[in-house]
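A quick write-up on the structure given underneath.
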Amino acid sequence: MCGIVGCVLKEGKVAPILFDSISKLEYRGYDSIGIACADEDKINLKKDSGKIAEVDAKLDLCDLEGKYGIAHVRWATHGDPSKINSHPHLNGDGTIAVVHNGIIENYLSIKEELEGEGYQFVSDTDTEVIPHLIDKYMKTGLDLTQSVRKVIGVIEGAYALAAISSAEPNRIVATRKDSPLIVGIGDSEFFVASDYPAILKYTNNIAFLEKGEIVILDEDGVKFLDENDQEMTKEIEVIEWSPEMAEKGGYDHFMIKEINEQSTAIKNTLNEKDKVKEIVDEVKGTINRVVFVACGTSYHASLTGKYLIESLVGIPTEVLLASEFKYSAKALNDKTLVIFISQSGETADTLKALDVANETSKTLAIVNVRGSSATRRADYVIQTQAGPEIGVAATKTYVSQLVAIYLFSALLGEDHELLKRLEKVPDYIEEVLQKRDEIKEISKKYKRDKDAFFIGRGFSYPIALEGALKLKEISYIHAEGYAAGELKHGPIALIDRNIPVVVVIPPGQDHKKIMSNLQEVKARGADVLGIGAVGDEDLISESDDTFLINCDVDDIIAPLVYIVPLQLLSYHVSVIRELDPDKPKNLAKCVTVE
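Sequential numbering from 4 applies to the sequence shown in the working numbering.
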């Protein structure tokens, strides 16, 4: 949720850099934007609700004086999207500005206390308590850094925040707890930001801030303080992602660009095989149970992992939603491997569960973002190699997670044939992408639908769940994914001529059973789109529309390939409905609140 950028320049005007940087974080929130820059003893502020381009057209956000400042894009948690609720937030006399990502859980009691002391609030946000608290402490003689330290001793919850004060020119003070914040070190500019894409254009030298640490940015560089306010040295990592990787590259949207990058993402992640084998060699023989923990799309990848590990290795495997994990935590022991899957490595529910699991069990994180919180907390890490993903709806990070799971499962089960077959998957995906116009044409048929079902069995069931999620995320069509055998236990009551059903039906042991389910919905008037194999005459004859995939893709490999036409279907339906697939309403890329 929300995106933060702060920058201090040795020379020049910082507003254009802040605007450029915060624009790269719009996937983290896009209901409002604001920039505060400081010039001499004055803080200059522009902010409003709306997407970045809309607000900039109205306010000219680059037209702010000052060589240091902070910026913010918002995903609302407290207070509706409005100018007054937009960040940055100020103290009463406008000498302190703050941006914040996260939730201050005890803000109401703090607000009540501050109001009793004469402080006046103008917004509905939890964030506004922070500049007032800083103001309160600075009036006792503390400097900005000392005041921020006092603040984090008072506020509770998850947060990353950055503050400036006109009383301390050319300085930004920032800190974090549970919400991500990185530090970028350039030659003549110094940054804090929520994520890499914001600053890759300016520097790829990154330091990672840990819980309770404070970073001070000024014209001379950066200074890190530990939780006891002792100055410390941080290791600087060089991030290999290029600025171009976070650009659209001629595509209309990031989502379609990232769908087209999936074969490359898979090839790159397959190169992690040796690292995955090292992990397998360490855990093999020491575990008798596996638990996957994830949210959303990563949860669907985990379901595929359950089928793989249980069928290839025979180890009992469960899949738990991260937000529900605590209710099963007491069943963990030192023979359990808990696998956490998160694109960002900063998902709040997942990190909370990871901390609990670390107390009793071996933990493995499958993550796309290097240096993220999950990578630093888990015992073992598999780094997927999808590159930056900007579109809110996960595509290439999803298939990269699947590849990591397939590698782990095949190596654990010593299934060398499956390892060989994985090498062919990028070619299969390229074959699907060659037929993208077929899906585009089919999608026109579904643009006015209000509901849809996606069904599959076995390895196809998670594909159905993910296909339904993609459609509802970016087209706002109510879509449900079901195990095909469950339709007759209730949902089939909803099937009629107004409900299209997408049937995921690769070759394999369940083909006949899924065909029976297809005929059940067909008999009730449903419009059927069959996603199956080239040469499947039964599917062709029974479906209203079909999208056919290379016959060599059987039910076990299907999750990596059959999801691609469903991603394309969702993308094209969204575009035809004149929606923005990169920025679906109410969603954000990195969910850092519980």
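Glycine included, every Cβ here is placed at the ideal spot set by N, Cα and C.
What you are looking at is a predicted structure, and each value in this text was computed from that prediction instead of being measured.
When burial is assigned at 16 or more other CB atoms within 10 Å of the CB, is Thr549 buried or exposed?
As a working mapping, residue 549 is identified with position 546 in the sequence shown. Looking at its Cβ environment, which holds 16 or more other Cβ atoms inside 10 Å, Thr549 is buried.
Using 10 angstroms around the beta-carbon of Ser245, count the other beta-carbons present and answer buried if the total reaches 16, otherwise exposed.
Along the sequence shown, one-based indexing puts residue 245 at 242. Exposed: under 16 other Cβ atoms inside 10 Å.
To which residues does DSSP link Phe194 through a beta bridge?
Residue mapping note: residue 194 aligns to position 191 of the sequence shown, counting from 1. Partner(s): Cys10 and Gly187.
Taking the C-alpha atoms as reference points, what is the distance between Tyr30 and Ala79?
Translated into positions along the sequence shown, residue 30 becomes position 27. Translated into positions along the sequence shown, residue 79 becomes position 76. Cα to Cα, the separation comes out at about 13 Å.
Quick one: residues in its chain with C-beta nearer than 7 Å to the C-beta of Gln123, no 5 flanking neighbours on either side, listed in chain order?
Position 120 of the sequence shown, counted from the first residue, corresponds to residue 123. Once the five neighbours on either side are set aside, the close Cβ partners of Gln123 are Gly95.
Within 10 Å of its beta-carbon, does Met141 have 16 or more other beta-carbons around it, so buried, or fewer, so exposed?
Taking the first residue of the sequence shown as 1, we reach residue 141 at position 138. It is buried - the Cβ of Met141 has at least 16 other Cβ atoms within 10 Å.
Hey, would you say Gly72 sits closer than 8 Å to Val17, going by beta carbons?
Stepping through the sequence shown from its first residue, residue 72 is reached at position 69. Stepping through the sequence shown from its first residue, residue 17 is reached at position 14. Yes; because the gap between Cβ atoms is below 8 Å, this pair is in contact.
So, for Lys54: in the same chain, excluding its five sequence neighbours on each side, which residues have a beta-carbon less than 6 Å away from its beta-carbon?
On the sequence shown, residue 54 is found 51 positions in, with the first residue counted as 1. So the qualifying residues of the chain are Tyr33.
Classify Val125 as helix, strand or coil using the three-state DSSP reduction.
Locating residue 125 in the sequence shown gives position 122, counting from the first residue. Looking at Val125 - three-state DSSP - the assignment turns out to be coil, as it is neither helix nor strand.
How about Lys427 and Val576: do their beta carbons lie closer than 8 Å?
Translated into the one-based positions of the sequence shown, residue 427 becomes position 424. Translated into the one-based positions of the sequence shown, residue 576 becomes position 573. In this structure, Val576 does not lie closer than 8 Å to Lys427 by Cβ.
Are Pro562 and Phe462 touching if we call contact CB-CB under 8 Å?
Residue mapping note: residue 562 aligns to position 559 of the sequence shown, counting from 1. Residue mapping note: residue 462 aligns to position 459 of the sequence shown, counting from 1. Taking 8 Å as the Cβ cut-off, Pro562 and Phe462 qualify as a contacting pair.
Does DSSP put Arg373 in a helix, a strand or coil?
Position 370 of the sequence shown, counted from the first residue, corresponds to residue 373. It is coil, neither helix nor strand.
Quick one: Cα of Ala360 to Cα of Lys329, how far?
The residue given as residue 360 occupies position 357 in the sequence shown. The residue given as residue 329 occupies position 326 in the sequence shown. The alpha-carbon atoms of Ala360 and Lys329 are separated by roughly 9 Å.
Are Ile442 and Gln404 touching if we call contact CB-CB under 8 Å?
Indexing the sequence shown from 1 puts residue 442 at position 439. Indexing the sequence shown from 1 puts residue 404 at position 401. Not closer than 8 Å, so no.
Name the residue from Ala471, Gly416 and Ile113 whose alpha carbon lies nearest to the alpha carbon of Val567.
As a working note, residue 567 is residue 564 in the sequence shown. Minimum Cα distance to Val567 is reached at Ala471.
Beta-carbon within less than 6 Å of Leu136's beta-carbon, same chain only, minus the 5 sequence neighbours each way: which residues are those?
In the sequence shown, residue 136 corresponds to position 133, counting from 1. The answer, listed in chain order, is Val154.
How should Asp430 be labelled, buried or exposed, when 16 other C-beta atoms within 10 angstroms of its C-beta is the threshold for buried?
As a first step, residue 430 is located in the sequence shown; it is residue number 427 there, counting from the start. Per the 10 Å Cβ criterion, exposed.
Assuming Ile480 and Asp452 make a contact with CB atoms under 8 Å, what is their CB distance in whole Å?
Counted from its first residue, the sequence shown places residue 480 at position 477. Counted from its first residue, the sequence shown places residue 452 at position 449. Going by Cβ atoms, the distance from Ile480 to Asp452 rounds to 6 Å, so yes, they are a contact pair.
Excluding the 5 residues flanking Thr300 on each side, which residues of the same chain have their C-beta closer than 7 Å to its C-beta?
Mapped onto the sequence shown, residue 300 falls at position 297. Closer than 7 Å at Cβ, skipping near neighbours: Ala397, Tyr401, Glu469 and Leu472.
Rounded to the nearest angstrom, what separates Glu434 and Glu264 at their Cα positions?
Looking up residue 434 in the sequence shown gives position 431. Looking up residue 264 in the sequence shown gives position 261. Cα to Cα, the separation comes out at about 13 Å.
When we look at the beta-carbon of Ser388 and count the other beta-carbons within 10 Å, is it buried (16 or more) or exposed?
Looking up residue 388 in the sequence shown gives position 385. The sequence given here has Gln at residue 388, not Ser. Flag for Gln388 reads buried.
Examine the Cβ distances between the segment 254 to 271 and the segment 414 to 422 and report whether three or more of them are shorter than 8 Å.
With the cut-off at 8 Å, the segment 254 to 271 and the segment 414 to 422 do not touch.
So, helix, strand or coil for Leu93, using DSSP?
Here residue 93 is taken as the residue at index 90 of the sequence shown, counted from 1. Strand at Leu93.
Strictly by DSSP, which residues pair up with Cys40?
Looking up residue 40 in the sequence shown gives position 37. Answer is Asn47 and Gly72, bridged to Cys40.
I'd like the span of the beta strand (DSSP E) that includes Leu532, first residue to last.
The sequence position of residue 532 within the sequence shown is 529, counting from 1. Here the beta strand (DSSP E) through Leu532 covers Asp530 to Ala536.
Could you pull the start and end residues of the alpha helix (DSSP H) that Val609 belongs to?
As displayed, the chain neither begins before 4 nor continues past 597, which places residue 609 out of reach and without an answer.
Drop a sphere of 10 angstroms on the beta-carbon of Val241, count the other beta-carbons inside from all chains shown, and report buried for 16 or more, exposed for fewer.
Taking the sequence shown and counting its residues from 1, the one referred to as residue 241 is at position 238. Val241 should be labelled exposed.
Once the 5 residues before and after Ile543 are set aside, which same chain residues still bring their CB inside 6 Å of it?
Within the sequence shown, the letter at position 540 stands for residue 543. Closer than 6 Å at Cβ, skipping near neighbours: Thr549.
With DSSP run on the structure shown, which of helix, strand or coil describes Ile393?
Translated into positions along the sequence shown, residue 393 becomes position 390. It is coil, neither helix nor strand.
Please name the residue or residues paired with Arg174 in a DSSP beta bridge.
Start at 1 with the first residue of the sequence shown, and residue 174 comes out as number 171. DSSP output for Arg174 lists Asp221 as bridge partner(s).
Determine the direct distance from the alpha carbon of Asn291 to that of Val283, and round the result to whole angstroms.
Sequence index remark: in the sequence shown, residue 283 carries index 280 (1-based). Sequence index remark: in the sequence shown, residue 291 carries index 288 (1-based). Between Val283 and Asn291, the C-alpha separation is close to 13 Å.
Kindly list the residues whose CB is nearer than 8 Å to the CB of Leu414, restricted to its own chain and excluding five residues on each side of it in sequence; keep chain order.
Locating residue 414 in the sequence shown gives position 411, counting from the first residue. Closer than 8 Å at Cβ, skipping near neighbours: Lys276, Val279, Lys280, Val283 and Leu422.
Give the straight-line distance between the Cα atoms of Lys86 and Thr378, rounded to the nearest whole angstrom.
Here residue 86 refers to the residue found at position 83 of the sequence shown. Here residue 378 refers to the residue found at position 375 of the sequence shown. Looking at the two C-alpha atoms, the distance is approximately 37 Å.
Would you tell me roughly how many angstroms separate the C-alpha atoms of Ile107 and Val384, rounded to the nearest one?
Taking the sequence shown and counting its residues from 1, the one referred to as residue 107 is at position 104. Taking the sequence shown and counting its residues from 1, the one referred to as residue 384 is at position 381. Cα to Cα, the separation comes out at about 30 Å.
Could you compute how far the alpha carbon of Arg580 sits from the alpha carbon of Ser364?
In the sequence shown, the residue the question calls residue 580 occupies position 577. In the sequence shown, the residue the question calls residue 364 occupies position 361. One C-alpha to the other measures close to 47 Å.
Could you work out which residue in Gly308, Asn207, Lys251 and Val176 is closest to Gly189 when comparing CA atoms only?
Start at 1 with the first residue of the sequence shown, and residue 189 comes out as number 186. When each option's Cα is compared against that of Gly189, the closest is Asn207.
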